[in-house]
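Residue numbers (the working numbering), protein chains in the order written: chain A, 43 to 249; chain B, 6 to 275.
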């Protein structure tokens, strides 16, 4: 994806005065130092254990290439992510849009202040506009207002949305959206409720 | 002290009422701007600054000495303008330090306080206000109006900046987030909160020069280490060690990006 290009340009233009590298260390040495410091300077708190800073292959690649990896490598990893998607065994994708709206509103989950047994929310409104009624929405992701109305509610579309929520990285390797199914944040039933929120003709997203 | 608590309560109440009425119109930072106008230049952080100045000047710790010999980088005892040049390399400790790690150095070496007694609970809570937080308020207040001038001359300073830049874009954890997920593009929001893009000089300047800050929603003064700690919580990371090299390097990255702007803290935030 090319959306990070403007940032690279801006960094060069805006911070020109900053020398590119420390005098006595190579870029690779600085990379290694950064990782060593990250592994050393965190501690467990609540459910957030230090193991969380260990990267999987995808996270390491997106970090290394500042979210703009070479196409060949990206394709390989993206295909792996797609293969790992667990599709619903019953072949159904649509749940209850009202339950989906509740999930979309909740920003809870996975922080050290969340209780171990407290269910995670979807955080969707943190990043997306969804229903016209909710004006407190974020803009890290695109607007999903009237998503089903404009994209249709075909089975192919349902499968696409299920997959996107399950693992956004199967569609765009370094997308800023979490991998809700892949990382075990949301269950199959919860993802179906969210698919309904986006696609059900009765859903407030499509009003 | 009672009046200050009462005043704090009034500030919080006024903001809550005001923000909920006006929220429909714009982002949270628009509302803070209006709120600031409404309370016309008052900032409850002034109480923390006053307490901090007292703590700085009075004998303290097991050694019963004041912090007036503490060197924040411009010479022993010089507080004026010191924050605008931090983080920086210190020859005595042979490392780059931000304000809070430097205060820890002074409190341990001059006053004889054990480091763990400072770092175990460095952030305020209900009925608890650590000394280091008020000291931060005092020191940063003494740089108000001073141009940010953080140096990259020493190789260790350059290194801290370069490593900080790398940590800023390090993606990990259950959500695959990095700092840059939320702070790497222009004009992004989480819900109604505007997110400064720290790769953009203007944003970095505006954000950095208004921290540390009094947070209206919490009714409390918050240090820069607190800000990093709470963002890493939202990043779904584990907890950063207080005043660690990790946090100092991140701070160095943002501080350098804010250079040439006039420091305007302590700020007033949502």
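C-beta: ideal position from N, C-alpha, C; glycine also. These numbers were taken from a predicted model, which means no experiment stands behind them.
query	result
Distance, residue 122 of chain A Cα to residue 213 of chain A Cα	11 angstroms
Cβ-Cβ distance between residue 147 of chain A and residue 179 of chain A below 8 angstroms	no
CB contact check: residue 214 of chain B to chain A, cutoff 8 angstroms	no
Residue-level contact to chain B via CB, residue 160 of chain A, 8 angstroms cutoff	no
Segment contact flag, the region 153-162 of chain A with the region 235-244 of chain A, C-beta cutoff 8 angstroms, min 3 pairs	no
Alpha-carbon to alpha-carbon, residue 194 of chain B and residue 26 of chain B	Any reading at residue 26 of chain B is ruled out, since the residue's pLDDT is 40, under 50, leaving its predicted position unreliable.
Start and end residues, alpha helix (DSSP H) containing residue 202 of chain A	197-208
Residues, ordered as in the chain, of the region 222-250 of chain B that lie near chain A by beta-carbon distance below 9 angstroms	237, 238, 239, 240, 241, 242, 243, 244, 245, 246, 249 and 250
Near-chain A residues of the region 168-186 of chain B - C-beta to any C-beta below 9 angstroms	168, 169, 170, 171, 172, 174, 175, 176, 177, 178, 179, 180, 181, 182, 183, 185 and 186
Contact with chain A by residue 160 of chain B, beta-carbon distance below 8 angstroms	yes
Local conformation of residue 272 of chain B per DSSP, three classes	strand
Straight-line Cα distance separating residue 133 of chain B from residue 106 of chain B	20 angstroms
Residue 232 of chain A versus residue 102 of chain B - alpha carbon distance	46 angstroms
Bounding residues of the alpha helix (DSSP H) (the contiguous stretch that carries residue 119 of chain A)	113-125
The region 143-155 of chain A: positions lying closer than 9 angstroms to chain B by Cβ	149, 151, 152, 153, 154 and 155
Collapsed DSSP secondary structure at residue 81 of chain B in the structure displayed	strand
Residue of B:219, B:203 and B:47 minimising C-alpha distance to residue 255 of chain B	B:203
Residue-level contact to chain B via CB, residue 166 of chain A, 8 angstroms cutoff	no
CA nearest to the CA of residue 55 of chain B, picked from B:243, B:100, B:138 and B:77	B:138
Rounded C-alpha distance that separates residue 77 of chain B from residue 108 of chain B	8 angstroms
Integer-rounded CB distance, given that residue 173 of chain B should sit under 8 angstroms from residue 185 of chain B	6 angstroms
Residue interval of the alpha helix (DSSP H) (run including residue 60 of chain B)	50-62
Inside the region 144-217 of chain B only - alpha helix (DSSP H) runs reaching at least 4 residues	160-173, 184-188 and 206-213
Partners in chain B for residue 101 of chain A, counting only beta-carbon separations shorter than 7 angstroms	176, 177 and 181
Touching by the beta-carbon criterion (3+ pairs, under 8 angstroms), the region 160-179 of chain B and the region 65-80 of chain A	yes
Three-state secondary structure assigned by DSSP to residue 226 of chain B	strand
Contact residues within the region 213-230 of chain A, judged by C-beta distance below 7 angstroms to chain B	218, 220, 221, 225 and 227
Which listed residue (A:106, A:153 and A:100) has its alpha carbon closest to that of residue 69 of chain A	A:106
Strand pairing of residue 244 of chain B, partner residues [DSSP]	A:85
Reduced DSSP secondary structure (H/G/I, E/B, other) of residue 102 of chain B	strand
Run of the beta strand (DSSP E) containing residue 95 of chain B, from where it starts to where it stops	93-95
Helix, strand or coil at residue 167 of chain A [DSSP, three-state]	helix
Any C-beta of chain B under 8 angstroms from that of residue 19 of chain A	Absent from the structure is residue 19 of chain A, since the part of chain A shown begins at 43 and ends at 249.
Coil, strand or helix - residue 147 of chain A by DSSP	helix
Beta-carbon proximity of residue 245 of chain B to residue 84 of chain A, cut-off 8 angstroms	yes
Residue-chain proximity (residue 164 of chain B, chain A), Cβ-Cβ < 8 angstroms	yes
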